[in-house]
């Protein structure tokens, strides 16, 4: 499928994706929050014009950053932003003909599986690059020591506890942050394009999201590995934290199904998302719902009149 202005639109999206990073490289602290939205132009290009446009926008953004910063900056941007977006866009745009001449688009559950796989790869890459908990603790000391230097002698034991605790779950923290960022940007891009009737595919129904079985199996294996201790425990804890994201999405599917029982489901959903954004802990409840959905059939029960 060819759309007019594909190259020009992809170039603009690529420049927009790189812009927050370029501004930060020039010493401006204001655009730091915009870095969180750097994937939005890439998703927009892909979900509007196709995978090729998404890849072209990512290439343009990487070249801009290579010129404004360094090849390392461009490489990090490509790994954290371009690669996951291109992979997810490609999968999202897959479709096949179903009986009755209906188009069947790639389901949201399998997209969540790909997102989870990318998150696990990111966590594994951190473990390899930084050398496990000890290497990550050393990196944290280098980064945070100057900030805590004034009171280092007074609270050194507390520093050690902080460094050890954060280093133990750092791969999962980084991976889950990237997964949430990617999910947010992809949802925003699809919602924006759908509003203007410009999206390549229909918006997926989150209430229909069903997680691949391997995610539940991996969670069970990780839970068992926690009891082993040592390196196995370190890896298992990080895997379990990463898996909280897909189960949270499954829990949101349960919530959306339940909300449809009310005359105005949007009010219920907006209230929840506001509470989750302010307090955070409601997402833990949602993740638990996602975990219990399959064995208890929560969505099936809530869908009944």
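In our numbering, the protein residues as written are 1115 to 1419.
We treat Cβ as the ideally placed atom computed from N, Cα and C, and that holds for glycine.
No experiment lies behind these values; they were computed from the predicted model shown.
* Residues near residue 1124 in its chain [Cβ-Cβ closer than 6 Å; skip 5 each side] -> 1159, 1167, 1170, 1171
* Contained alpha helix (DSSP H) runs [length at least 4] in the stretch 1274-1354, N- to C-terminal order -> 1327-1340
* Check residue 1395 in the structure and name its three-state DSSP category. => coil
* DSSP state of residue 1415 mapped onto helix, strand, coil -> helix
* Asked: Whose C-beta lies closer than 6 Å to the C-beta of residue 1223 among residues of the same chain, with five residues either side of it excluded?
  -> 1323, 1324, 1325
* Counterpart residues of residue 1368 in DSSP-defined beta bridges -> Answer by DSSP bridge pairing: none, since residue 1368 is not bridged.
* May I have the straight-line CA-CA distance separating residue 1334 from residue 1244, to the nearest angstrom? => 27 Å
* **Nearest-angstrom Cβ-Cβ length linking residue 1413 and residue 1367, presumed shorter than 8 Å** => 7 Å
* When burial is assigned at 16 or more other CB atoms within 10 Å of the CB, is residue 1403 buried or exposed? -> buried
* **Exposure label - residue 1191; buried when at least 16 CB within 10 Å** => buried
* To do: Tell me whether residue 1372 is buried or exposed, calling it buried when 16 or more other Cβ atoms sit within 10 Å of its Cβ.
  => buried
* Asked: What number of angstroms, rounded off, separates the C-alpha of residue 1376 from the C-alpha of residue 1384?
  -> 13 Å
* Excluding five sequence neighbours on each side, which residues of the same chain lie with their C-beta closer than 7 Å to the C-beta of residue 1303? -> 1154, 1157, 1158, 1161
* Please state whether DSSP places residue 1375 in a helix, a strand or coil. => coil
* To do: Could you check the C-alpha separation between residue 1346 and residue 1354 for me, to the nearest Å?
  => 12 Å
* Cβ shell of residue 1284 (< 6 Å), same chain only, five flanking positions each side left out -> 1250
* Where residue 1349 and residue 1182 are concerned, what is the direct C-alpha to C-alpha distance, given to the nearest angstrom? -> 37 Å
* Opposite residue 1209 in the DSSP bridges: which residues? -> 1219
* To do: Just the C-alpha distance for residue 1136 and residue 1179, rounded to the nearest angstrom, thanks.
  => 7 Å
* Helix, strand or coil for residue 1159 per DSSP? -> helix
* Nearest neighbour of residue 1221, chosen from 1234, 1292, 1236, 1204 [CA to CA] -> 1204
* Endpoints, alpha helix (DSSP H) assigned at residue 1182 -> 1165-1182
* To do: Following the continuous alpha helix (DSSP H) through residue 1122, name the residue where it begins and the one where it ends.
  => 1120-1139
* To do: Answer yes or no: the CB of residue 1227 versus the heavy atoms of the ligand ADP, is any distance below 6 Å?
  => This structure lacks the ligand ADP; in fact it carries no ligand of any kind.
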